[in-house]
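Heads up: the structure comes next, in structure tokens.
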Amino acid sequence: MRTHPSECVVHDIDRDRLIRELGAVLPAHAILFEPEDTRPYECDGLSAYRRLPWLVVLPDSVAQVCEVMRICAAHGVPLVPRGAGTGLSGGALPLENGVLLSLARLNRILAIDPLARTARVEPGVRNLAISEAAAAHGLYYAPDPSSQIACSIGGNVAENAGGVHCLKYGLTVHNVLKLTVLTIDGTVIEIGGDGFDAPGYDLLALTTGSEGLLGVVIEVTVRLLPLPETARLLLASFASITDAAAAVGAVIAAGIIPAGLEMMDRLAIRAAEDFVHAGYPLDCAAILLCELDGARADVDEQFARLTEIFRAERATELRIARDDAERLRFWQGRKSAFPAVGRLAPDYYCMDGTIPRHRLGHVLDRIAALSDEYGLPVANVFHAGDGNLHPLILYDANKPGELARTEEFGARILEYSVEVGGTITGEHGVGVEKIDQMCAQFTPEELAQFHAVKAAFDPRGLLNPGKAVPTLPRCAEFGAVHVHRGQVPHGASAHPGIERF
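With the sequence shown counted from 1, adding 125 to any position gets you our numbering.
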């Protein structure tokens, strides 16, 4: 077993005393410590890694959050912020000796300004709820993760979430104007501003995607966009993944920036179709879902070019969504792909790497070869337009050693993504899942700078310790293990102190 030094935080208070102090600022029902009460918080969306929380608190006001953080800081108690728990990298995995701070009850939309086209919200507000509230003003919030019906905006900020429309409209970082953040000692700071730019260092970009390591977000001001005049979706089928990947590059090379450009392979198509009956063809190797939106004249002109491009790139069939209902049904199939694939095997492991678009076909061939090598099926469903891969590795955790092999398979996908010029994550974050692959992505000197930034905000390392940024000794150990790839003992884990299922 390997131990991450930052996980070994020692504090000077026992749980009973901490509960008494927290009880002075929180009602009794907002403090959970019995196993049956804390069990629902043992993992986030990456359920392969679980750890029973030491203590869970559920404040319902900013003032209560401030007091919780002040108490934890005073006693050196580590703290893990948690939103809706839909994250897929173990970023909200609790600690055995720390407080899990749930922000789910801070769920108010504070203000919508239709003239400035902004919304000011608390971190527990659901992603989709922002667009639902803004629709009355002809506006919406563009980033739309597949979990948007449940995921919260605070978690979106922590992981820099994207979604199927991120190619044209960007990730969370491109759609947030201002954050109100609490530092570990409860100090309130504002980052960003109400305009398109703010003076000083770009701390807004630094904080977005920082995975709860720098501060706790208590308020977010997001940019709203006008609902497009029209949106049209084209479903293109291909006889090979290589042809579909080539078509992606051809669309972008033609100067067309779709609102969404998604790819699904045969296994993902069949799973989604069986699950939601979206109307997908089942006799092809891959499909592309390509949506154009904007002014009607522009969309019509680009749509004609798009159909010509797909035909030239050997599409075997083109289906144009007849109306908004069919368009939304096509998207429902894509957004339901993850739960749909969950019906194909007892477990699946969702990866999240990003590669240059022109390497799509090559990397997908490599994933297929690795699938054969490990004897584990893979369903591919991803944001093809920006090269953000989501291979879903199917496995059975009840079979001895199969999770360990799955982890190794996934690690090789991420490391190969780096090798071809990509990154180990596009939108899911690093958490505990990819912490070793950070050592493949960054040099020791770069990681030292990351630690320096962390220390500037959180000198004692109390916020979400053990996540996202590995220590240099851990990277040295990773290198030694990496040299001996394939010699991982059955049941061994890169994540100590975590139950593995």
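Heads up, the beta-carbon is just placed ideally off N, CA and C, and yes, glycines get one too.
Checklist line | Length of the line joining the Cα atoms of A437 and P178 | finding: Counting from one through the sequence shown, the residue named residue 437 turns up at place 312. Counting from one through the sequence shown, the residue named residue 178 turns up at place 53. Cα to Cα, the separation comes out at about 55 angstroms.
Margin query: Quick check on this structure: which residue in A450, D418, T163 has the alpha carbon closest to the alpha carbon of G404?
Written below: Along the sequence shown, one-based indexing puts residue 404 at 279. It is A450 whose Cα lies nearest to the Cα of G404.
Next item on the list: Closer than 7 angstroms by C-beta to I394: which residues in its own chain qualify, once you throw out the five before and the five after it? Chain order, please.
Entry: Working through the sequence shown from its first residue, we reach residue 394 at position 269. The residues are Y405, L407, I412.
Check: Does the stretch 479–492 come within contact of the stretch 289–306, defined as at least 3 CB pairs closer than 8 angstroms?
Finding: no
Next item on the list: Quick one: which unbroken beta strand (DSSP E) runs of 3-plus residues sit fully inside the stretch 355–442? Chain order, please.
Entry: 355–363, 385–390, 411–419
Notebook entry, point to check: Do you know how far the Cα of R482 is from the Cα of I144?
Noted result: Translated into positions along the sequence shown, residue 144 becomes position 19. Translated into positions along the sequence shown, residue 482 becomes position 357. If I take the Cα positions, the gap works out to 51 angstroms.
Check: Got a sec, what are the start and stop residues for the alpha helix (DSSP H) F534 sits in?
Finding: Counting from 1 along the sequence shown, the entry for residue 534 is found at position 409. That run of the alpha helix (DSSP H) goes 527–544.
Margin query: Given this structure, state the Cα-to-Cα distance separating G512 from G170, to the nearest angstrom.
Written below: Working through the sequence shown from its first residue, we reach residue 512 at position 387. Working through the sequence shown from its first residue, we reach residue 170 at position 45. Their backbone Cα atoms lie some 22 angstroms apart in a straight line.
Check: Just how far apart, CA to CA, sit D139 and T596?
Finding: Counting from 1 along the sequence shown, the entry for residue 139 is found at position 14. Counting from 1 along the sequence shown, the entry for residue 596 is found at position 471. Straight-line Cα distance between these residues: approximately 28 angstroms.
Margin query: Please classify T128 as buried or exposed, where buried requires at least 16 other C-beta atoms within 10 Å of its C-beta.
Written below: Stepping through the sequence shown from its first residue, residue 128 is reached at position 3. Here T128 scores only 33 on pLDDT, less than 50, and its place in the model should not be relied on; the value that follows carries that caveat. The residue in question, T128, is exposed, as its Cβ has fewer than 16 Cβ neighbours within 10 Å.
Notebook entry, point to check: Going along the chain, which residues of its own chain have a beta-carbon closer than 7 angstroms to the beta-carbon of P516, five neighbours each way excluded?
Noted result: Start at 1 with the first residue of the sequence shown, and residue 516 comes out as number 391. Only M476, I492, V503, N505, I538 meet the Cβ criterion.
Checklist line | Three-state secondary structure assigned by DSSP to I234 | finding: Translated into positions along the sequence shown, residue 234 becomes position 109. Correct three-state label for I234: strand.
Notebook entry, point to check: If you compare alpha carbons, which of T243, A286, G280, T308 is closest to G551?
Noted result: Translated into positions along the sequence shown, residue 551 becomes position 426. Nearest option by C-alpha distance: A286.
Check: Going by C-alpha distance, which of E344, D238, A522, A275 is nearest A261?
Finding: Sequence index remark: in the sequence shown, residue 261 carries index 136 (1-based). Taking only the C-alpha atoms, the option nearest A261 is D238.
Notebook entry, point to check: For the alpha helix (DSSP H) that contains D472, what are its first and last residues?
Noted result: Indexing the sequence shown from 1 puts residue 472 at position 347. For D472, there is no enclosing alpha helix (DSSP H); the residue is part of the beta strand (DSSP E) that begins and ends at 472–475.
Next item on the list: Counting only the same chain and skipping the five closest in sequence on each side, list residues whose C-beta sits under 7 angstroms from that of E146.
Entry: Locating residue 146 in the sequence shown gives position 21, counting from the first residue. Taken in chain order, the residues that qualify are I196.
Notebook entry, point to check: How far does the alpha helix (DSSP H) with E284 in it reach, from first residue to last?
Noted result: The count along the sequence shown starts at 1 and reaches residue 284 at position 159. Per DSSP, E284 belongs to the alpha helix (DSSP H) from 278–284.
Check: Taking the alpha-carbon positions, what's the M126 to A410 distance?
Finding: Reading the sequence shown from its first residue, position 1 is the one you call residue 126. Reading the sequence shown from its first residue, position 285 is the one you call residue 410. Unreliable positioning characterises M126 in this predicted model, as indicated by a pLDDT of 25, which lies under 50. A coordinate reading is not provided.
Note to self: Just to confirm the assignment, what range does the beta strand (DSSP E) spanning F507 have?
What the structure shows: Translated into positions along the sequence shown, residue 507 becomes position 382. F507 -> beta strand (DSSP E) spans 503–507.
Notebook entry, point to check: Taking the C-alpha atoms as reference points, what is the distance between R530 and C600?
Noted result: For the purposes of this step, residue 530 is identified with residue 405 of the sequence shown, where counting begins at 1. For the purposes of this step, residue 600 is identified with residue 475 of the sequence shown, where counting begins at 1. Looking at the two C-alpha atoms, the distance is approximately 20 angstroms.
Item checked: Straight-line gap, A323 to G317 (C-alpha atoms, nearest Å) -> Position 198 of the sequence shown, counted from the start, is the residue given in the question as residue 323. Position 192 of the sequence shown, counted from the start, is the residue given in the question as residue 317. Answer to the nearest angstrom: the Cα atoms are 6 angstroms apart.
Margin query: Let's see if you can read the secondary structure: which residues bound the alpha helix (DSSP H) around I499?
Written below: Residue mapping note: residue 499 aligns to position 374 of the sequence shown, counting from 1. A small correction: the amino acid at residue 499 is Tyr; Ile does not occupy that position in the sequence shown. Where Y499 is concerned, the enclosing alpha helix (DSSP H) stretches over 485–499.
Note to self: For D497, count the other beta carbons within 10 Å of its own beta carbon; 16 or more makes it buried, fewer makes it exposed. Which is it?
What the structure shows: Counting from 1 along the sequence shown, the entry for residue 497 is found at position 372. When all chains shown are included, D497 counts as exposed.
Note to self: Here's the rule I'm using: 16 or more other beta-carbon atoms within 10 Å means buried, otherwise exposed. How should H553 be labelled?
What the structure shows: Counted from its first residue, the sequence shown places residue 553 at position 428. By the neighbour-count rule (16 or more Cβ atoms within 10 Å), H553 is buried.
Check: Which whole runs of the beta strand (DSSP E) in the stretch 261–317 are 3 residues long or more, in chain order?
Finding: 301–307, 313–317
Next item on the list: Tell me whether the beta-carbon of V347 lies closer than 8 angstroms to the beta-carbon of T211.
Entry: Translated into the one-based positions of the sequence shown, residue 347 becomes position 222. Translated into the one-based positions of the sequence shown, residue 211 becomes position 86. No; because the gap between Cβ atoms is not below 8 angstroms, this pair is not in contact.
Notebook entry, point to check: What is the DSSP secondary structure of V187, reduced to helix, strand or coil?
Noted result: Here residue 187 is taken as the residue at index 62 of the sequence shown, counted from 1. Residue state, collapsed to three classes: helix.
Margin query: Can you tell me which residues form a DSSP beta bridge with E344?
Written below: Residue numbering aside, residue 344 sits at position 219 when the sequence shown is read from its first letter. BP columns for E344 point to T305.
Next item on the list: Consult DSSP for T163 and reduce its assignment to one of helix, strand or coil.
Entry: Taking the first residue of the sequence shown as 1, we reach residue 163 at position 38. Here T163 sits in helix by DSSP.
Next item on the list: With a 10 Å radius around its C-beta and 16 neighbouring C-beta atoms as the bar for buried, classify H154 as buried or exposed.
Entry: For the purposes of this step, residue 154 is taken as the residue at position 29 of the sequence shown. When all chains shown are included, H154 counts as exposed.
Check: Could you give the C-beta distance for L304 and V345, rounded to a whole number, given that I count them as a contact under 8 angstroms?
Finding: Here residue 304 refers to the residue found at position 179 when the sequence shown is read from its first residue. Here residue 345 refers to the residue found at position 220 when the sequence shown is read from its first residue. Indeed, because the Cβ distance is near 6 angstroms, the residues count as touching under 8 angstroms.
Note to self: Assuming P206 is part of the beta strand (DSSP E), what are its boundary residues?
What the structure shows: Mapped onto the sequence shown, residue 206 falls at position 81. Per DSSP, P206 belongs to the beta strand (DSSP E) from 204–207.
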